[in-house]
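From first to last, the protein sequence lines are chains S and P.
Take the first sequence: its letter number 40 is residue 40 in the numbering used here, and every next letter is one higher.
Take the second sequence: its letter number 49 is residue 1049 in the numbering used here, and every next letter is one higher.
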Amino acid sequence: MERTNEEWLSDLKESSPRFDAAIVELRLVLQKGLSAGLKKWQGLNKETLEDIIQDVLVKIVPKIDTFQGNCRFTTWALKIGVNTAITELRHRRWRDVSLDEIIESGGMNFLSGNMSNPSYSPEKQTIQHLLMDTLKRLITTELTERQRKALMAVRIQGMPLEEVARQMGTNRNSLYKLLHDARLRLKKAILKEDLTPEDLIDSFISS
Amino acid sequence: MTDPFQKKTSRFLKKLFTFAGTRNKKMQKGSMDMDTIKQMVRGIMTTRADEIDCAECFEQLDQFVELVLAGKNISDAMPLVQHHLEHCPDCKEEFEVLLKALRSIT
Ligand SMILES: [Zn+2]
């Protein structure tokens, strides 16, 4: 039998006689959900999972009053659980990777490298080269140093925003806004270039 | 394969990904270059002025994921969350894990 949202909320009050039972049940939900959701993630052994679940429970109980009831309580709890778990796993995976090093070895090479698809017609390849040159030029001239760095790390190197943010001394939310601003600038600049959206769609958007 | 282009590409990729253990699966296929660029350009050209940030996305993600599970049309119901997930690899990753997690408990 499943608890309703109201039952979860009242049972998870520390004064409730059903508090311990509710914690046991919530722990089971988190265990089942997180191990299924994170099955493919490296570095998630049983011990790590238990540590993470403990963290999540400690996090959830005091802020139970912030639950707004727009969804099932277990969905809300798992949302926090997934966020906590992935933040930890990302950090473990990326903490020894230096942002500056990978930018130096890779991201900036992108700006001087050249690529095209030999299976495309010569015409299409020419347009693609032109667009690539434009893109590289605009990334170099339109973006600030920080925007360029973040864009290269996230889009070219596949580094999580969260870890890029940590190494750049900011947080994920601010980094998203920084990248959003960078995309807006690039979009405006591309639209000002002498290119038609059809060129872009042809070479990049469609496959 | 002695295609000079391929040679050049693989050298370029090697240089690009000298650090070990990247999570980018696409690069192992050797064709990440154009895909990555395409993704970047698509991301740029579909940018909107009114995007929500990660905190706002997180706030609504539980409702969003329940709509997805119920098979509702999410681009109509919560277009800004949908748009954020298309532009934010971190939130998208969390959404996908949450979806899997919820499917396992229901
Ligand atoms: Zn986000």
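C-beta: ideal position from N, C-alpha, C; glycine also.
- For D1090(P), the shortest separation between its Cβ and any heavy atom of ligand 1 lies below 7 Å.
- A straight-line Cα-Cα distance of about 43 Å links L143(S) and R72(S).
- Non-local C-beta neighbours of A1077(P) in its own chain, meaning closer than 6 Å and more than five positions away in sequence, comprise L1067, ordered along the chain.
- Interface residue (Cβ-Cβ distance to chain S less than 8 Å): E1086(P) is not classified as such.
- Look at C1054(P): its beta carbon is less than 7 Å from one of the heavy atoms in ligand 1.
- In this structure the region 133-148 of chain S lies against the region 173-184 of chain S, because at least three pairs of beta carbons, one per stretch, are closer than 8 Å.
- Rounded to the nearest angstrom, the Cβ distance from A1101(P) to G37(S) is 3 Å, consistent with a contact under 8 Å.
- For Y120(S), the CB stays at least 7 Å from every heavy atom of ligand 1.
- Note on geometry: alpha-carbon atoms of Q167(S) and M1040(P) lie some 22 Å from one another.
- By the 16-neighbour rule on beta-carbons within 10 angstroms, K39(S) is exposed.
- Against G37(S), the close residues of chain P are E1096, V1097, L1098, L1099, K1100, A1101, L1102, R1103, S1104, in the order they occur along the chain (beta-carbon pairs closer than 9 Å).
- Contact annotation for W8(S) against chain P: no contact, minimum CB-CB distance about 14 Å [criterion: below 9 Å].
- For K177(S), the residues of chain P that pass the 7 Å Cβ criterion are D1053, in the order they occur in the chain.
- For H1083(P), the CB contacts under 7 Å within the same chain, skipping 5 residues up- and downstream, are R1048, E1051 in chain order.
- Interface residue (Cβ-Cβ distance to chain P less than 8 Å): I60(S) is not classified as such.
- Close CB contacts of S10(S) within its chain, under the 7 Å cut and outside five residues either way in sequence, are with S16 (chain order).
- Of M159(S), K187(S), K177(S), E14(S), the smallest CA-CA separation from P62(S) is found for E14(S).
- With the rule of 3 Cβ pairs closer than 8 Å, the region 171-179 of chain S does not count as touching the region 126-138 of chain S.
- Using a Cβ-Cβ cut-off of 8 Å, I1037(P) counts as an interface residue toward chain S, since at least one Cβ of chain S sits closer than that to its own.
- Residues of the region 157-177 of chain S with a C-beta less than 8 Å from any C-beta of chain P: Q157, G158, P160, L161, E162, R172, N173, Y176, K177, listed in chain order.
- For F67(S), no alpha helix (DSSP H) encloses it, and the DSSP letter there is neither H nor E.
- Between P1089(P) and V154(S) the beta-carbon gap is near 7 Å, inside 8 Å, which marks them as a contact.
- Between N45(S) and chain P, the shortest Cβ-Cβ separation is not below 8 Å.
- In the assembly as shown, R90(S) is a buried residue. Its beta-carbon has 16 or more other beta-carbons within 10 Å.
- Within a 10 Å sphere around the beta-carbon of P160(S) sit 16 or more other beta-carbons, which makes this residue buried.
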